[in-house]
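Working notes, beginning with the structure itself.
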Amino acid sequence: MKISKSKNLFERALRSIPGGVNSPVRAFKSVGIDPLFLTRGEGAYVWDADGNRFIDFVGSWGPLILGHSHPKVVEAIRKQALIATSFGAPTELEIELAELVISLMPSIEMLRMVSSGTEATMSAIRLARGYTGREKIIKFEGCYHGHGDSFLIKAGSGALTLGSPSSPGVTDGTAKDTLNAGYNELTSVENLISANKGEIAAIIVEPIAGNMGVVPPKPGFLAGLRHICDREKIVLIFDEVMTGFRVALGGAQELYGIRPDLTTLGKIIGGGLPVGAFGGKREIMEMLSPVGPVYQAGTLSGNPLAMAAGLATLRTLRAENPYAELERKSAYLEQSFTENIRAANVKATQMRVGSMLCLFFTDKEVTNYESAITSDTNTFGKYFRAMLGAGIYLAPSQFEAIFVSTAHSEEDLERAVEANRRALAP
Ligand code: HOZ
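All residue numbers for the sequence shown refer to my numbering, where the first residue is 9 and numbers rise by one.
Set out below in structure tokens:
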């Protein structure tokens, strides 16, 4: 595969951008090669600067559930761009998107738009603190909630991939207020609560962990968190940046039938443009300025272009309801990859919820951070490179999900299965 143009662009980028990238996971560091510079996306495919075409299972890290440049999304952005790109003032589009989200996720009574998932989670935590008058939060080892200070303690995603799950620059005071429990381990949550009685403002959780690979909640885990939060008057926050509109139209909360107090959203809600949102119970949301005292703001919050792209995406999902189709396609990948793993006799485990999948190079059952990190990341690196060489673009980390979109055809999936078979073969 010719990659000279990407290589030149990377050398150039290194001179003006730290590490040559604007988000660390893009650097391909953990898979032992330089990053590809992408130039075009269409449907299920992306092209790099050298003209190589790949079947894309990254989907911009989750937003592109309809594939690249879906005609309805492109048309919505084009139409809006001709009218106005930004006002920093209220628009009807914001109400339409808020109303649509509220209709899809009944736990959300009010919603505020921001520009990224990180902003959504940072704001939700501040709001929970303001609402409860408490300072500490509980998160789960290996879960990732963006790069806000409070969350970079034993975090997943790029922080885990690049070996710095707790970042320098986060003050001791902030670290002290972030308590880490084990994912899927209610006892560890109970222990933290007993040791910090009346001090916990919020429990924030990825209802399906997607940033230490894909780790589903065990039966009873989310219901247990709901019960604990009710008992202790703690705000339960579901971080559905990844799972919202992905595993079901109403997200993981619909799939598992649990109502959080607050929900954070990102990725699909922006249809590929920068959007995040947080919402939930009216009583909590009305603590936000200008109604209440908790301050939160943003020049580009509710940006019309982003609202138009989000609306077009969610309306298409609502009209076409592609979740059974996504389930069928993703189950096919899961089953075929599992057969290949068996045939090649490699130590690997597959995890999947809906159209989020992960192939862990470990023979352990993956239920939490500790089991996820038993994965052999060198073998993942080799696998990643072999898949790329066969035209399959995966997330460049053992600890990220791959995403199936409505744009993937049967033939694309068959090609991925064949590439997987060859990549796993001894
Ligand atoms: N937000 C994604 C978490 N898995 C990764 C994208 C990034 O950090 O750039």
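In this text, a Cβ means the ideal position worked out from N, Cα and C, and glycines have one as well. All values reported here derive from a predicted model rather than from experimental measurement.
Residue i versus residue j - alpha carbon distance
{"i": "Met359", "j": "Phe368", "result": "8 Å"}
{"i": "Thr99", "j": "Ala84", "result": "15 Å"}
{"i": "His76", "j": "Tyr191", "result": "33 Å"}
{"i": "Ser68", "j": "Glu426", "result": "23 Å"}
{"i": "Met121", "j": "Lys337", "result": "32 Å"}
{"i": "Gly218", "j": "Phe407", "result": "8 Å"}
{"i": "Ala339", "j": "Asp420", "result": "14 Å"}
{"i": "Ala89", "j": "Leu325", "result": "23 Å"}
{"i": "Cys151", "j": "Ile63", "result": "27 Å"}
{"i": "Phe253", "j": "Leu72", "result": "11 Å"}
{"i": "Met315", "j": "Gly287", "result": "16 Å"}
{"i": "Ala183", "j": "Arg134", "result": "15 Å"}
{"i": "Tyr331", "j": "Ala256", "result": "6 Å"}
{"i": "Lys80", "j": "Arg323", "result": "10 Å"}
{"i": "Ile11", "j": "Leu396", "result": "12 Å"}
{"i": "Ala57", "j": "Ile400", "result": "16 Å"}
{"i": "Glu214", "j": "Ala97", "result": "32 Å"}
{"i": "Val412", "j": "Pro26", "result": "31 Å"}
{"i": "Ser24", "j": "Asp42", "result": "16 Å"}
{"i": "Asn348", "j": "Leu365", "result": "15 Å"}
{"i": "Arg236", "j": "Lys355", "result": "Contrary to the premise, residue 236 reads as Ile rather than Arg in this sequence. Near 37 Å, if we compare the C-alpha coordinates of Lys355 and Ile236."}
{"i": "Met220", "j": "Leu101", "result": "35 Å"}
{"i": "Leu233", "j": "Ser115", "result": "16 Å"}
Cβ neighbour criterion (16 or more within 10 Å) applied to residue i
{"i": "Asp371", "result": "exposed"}
{"i": "Asn386", "result": "exposed"}
{"i": "Met130", "result": "buried"}
{"i": "Asn311", "result": "buried"}
{"i": "Asp180", "result": "exposed"}
{"i": "Tyr303", "result": "exposed"}
{"i": "Ile91", "result": "exposed"}
{"i": "Ile146", "result": "buried"}
{"i": "Gln343", "result": "exposed"}
{"i": "Arg142", "result": "buried"}
{"i": "Pro434", "result": "exposed"}
Whole-angstrom C-beta distance between residue j and residue i, which should lie under 8 Å
{"i": "Val283", "j": "Gly318", "result": "5 Å"}
{"i": "Val29", "j": "Thr169", "result": "That belief does not hold up - the Cβ atoms of Val29 and Thr169 are roughly 13 Å apart, past 8 Å."}
{"i": "Leu402", "j": "Phe45", "result": "Between Phe45 and Leu402 the Cβ distance is about 17 Å, and since that is not below 8 Å, they are no contact."}
{"i": "Val109", "j": "Val222", "result": "24 Å between Cβ atoms; not a contact."}
{"i": "Val249", "j": "Ala136", "result": "Wrong, their Cβ atoms sit about 16 Å apart, outside the cutoff."}
{"i": "Thr272", "j": "Ile292", "result": "Contact doesn't hold; Cβ gap of about 13 Å is too wide."}
{"i": "Asp269", "j": "Lys289", "result": "5 Å"}
{"i": "Ser196", "j": "Ala189", "result": "4 Å"}
{"i": "His155", "j": "Asp247", "result": "That pair is no contact at about 13 Å."}
{"i": "Lys144", "j": "Leu194", "result": "Lys144 to Leu194, Cβ: 18 Å. No contact."}
{"i": "Leu74", "j": "Thr346", "result": "With a Cβ gap of about 27 Å, Leu74 and Thr346 do not count as contacting."}
{"i": "Val178", "j": "Leu160", "result": "5 Å"}
{"i": "Ile266", "j": "Leu230", "result": "5 Å"}
{"i": "Met5", "j": "Tyr139", "result": "No answer is possible for residue 5: the residues shown for the chain start at 9 and end at 434."}
{"i": "Thr251", "j": "Ile216", "result": "5 Å"}
{"i": "Ser124", "j": "Gly274", "result": "6 Å"}
CB contact below 8 Å: residue i versus chain D
{"i": "Gly138", "result": "Of the protein chains in this structure there is only one, and it is not chain D."}
>> Which complete beta strand (DSSP E) runs does the stretch 195 to 258 hold, if anything under 3 residues is left out?
In response: 208 to 213 and 243 to 247
> Which full runs of the beta strand (DSSP E) of 3+ residues lie inside the stretch 88 to 137, going along the chain?
Replying inline: The DSSP assignment places 118 to 122 as complete runs of the beta strand (DSSP E) inside the stretch 88 to 137, in order along the chain (cut-off: 3 residues).
>> Which runs of the alpha helix (DSSP H) at least 4 residues long sit entirely within the stretch 259 to 305? Give them in chain order.
In response: If only uninterrupted alpha helix (DSSP H) runs of at least 4 residues are considered, those enclosed by the stretch 259 to 305 are 259 to 264 and 290 to 293.
> Enumerated in chain order, which unbroken segments of the beta strand (DSSP E) with a length of 3 residues or greater are wholly contained in the stretch 364 to 419?
Replying inline: 364 to 368
>> Extract the residue ranges of the alpha helix (DSSP H) inside the stretch 44 to 92, only unbroken runs of 4 or more that lie entirely within it.
In response: Within the stretch 44 to 92, the complete alpha helix (DSSP H) runs of at least 4 residues are 79 to 91.
> Mind pulling the beta strand (DSSP E) runs of 3 or more residues that sit fully within the stretch 144 to 188?
Replying inline: 144 to 148
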